[in-house]
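Everything on this sheet refers to the single structure shown next.
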Amino acid sequence: ARTIIEAFEVGISVIGVTDNMQFRPDCNAGLTKLVYCSQCAGFARTKPCSGYCLIVVRGCLAHVAELVQPWSDFVSGLERLTSGLVASYNIEEVLSVLDTKISEAIMYAMENGPELS
403 ARTIIEAFEV
413 GISVIGVTDN
423 MQFRPDCNAG
433 LTKLVYCSQC
443 AGFARTKPCS
453 GYCLIVVRGC
463 LAHVAELVQP
473 WSDFVSGLER
483 LTSGLVASYN
493 IEEVLSVLDT
503 KISEAIMYAM
513 ENGPELS
């Protein structure tokens, strides 16, 4: 359980870093214009030109795209970890071997009784 908490803390840290990413001034202006310029001109339903959109996204968000694969790997690893935890803490599996474990413990205690204290 500690491992999964640490993994979530790493994920939260990464998200915090991406929330505070700094863009070049021209990117800030481009992204702002991309989102708001049609609205500022009084055309609330007009969407920006798709070509302009691609230029801004490719030029300003390329470094963010570099995070896609590492983030996907992190999420996949977290999914494998949680699947493993579910399997290892599955109550049915634990109970199915409990009688054997108790029997082994009793046998061990009988064989090594004086040495156990």
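Quick note on numbering: the sequence shown equals residues 403 to 519 in the numbering used here. Using N, Cα and C, we set each Cβ at its ideal position, and we do this for glycine too.
Output the boundary residues of the alpha helix (DSSP H) element that contains residue i.
i      : result
Arg447 : No alpha helix (DSSP H) holds Arg447; DSSP gives it neither H nor E.
Return the residue from the list the options that minimises the CA-CA distance to residue i.
i      : options                           : result
Lys449 : Val458, Ile457 and Tyr438         : Tyr438
Pro427 : Tyr454, Gly461 and Val416         : Gly461
Ile407 : Asp421, Val459, Leu487 and Gly453 : Leu487
Val466 : Cys429, Phe410 and Tyr510         : Cys429
Tyr454 : Phe445, Arg447 and Ser440         : Ser440
Residue i to residue j, Cα distance in whole Å?
i      : j      : result
Leu522 : Gln424 : Given that the chain is displayed from residue 403 to residue 519, the structure contains no residue 522 and the question cannot be resolved.
Lys435 : Trp473 : 29 Å
Leu483 : Arg447 : 45 Å
Glu494 : Thr405 : 23 Å
Tyr510 : Ser485 : 33 Å
Lys503 : Gly418 : 45 Å
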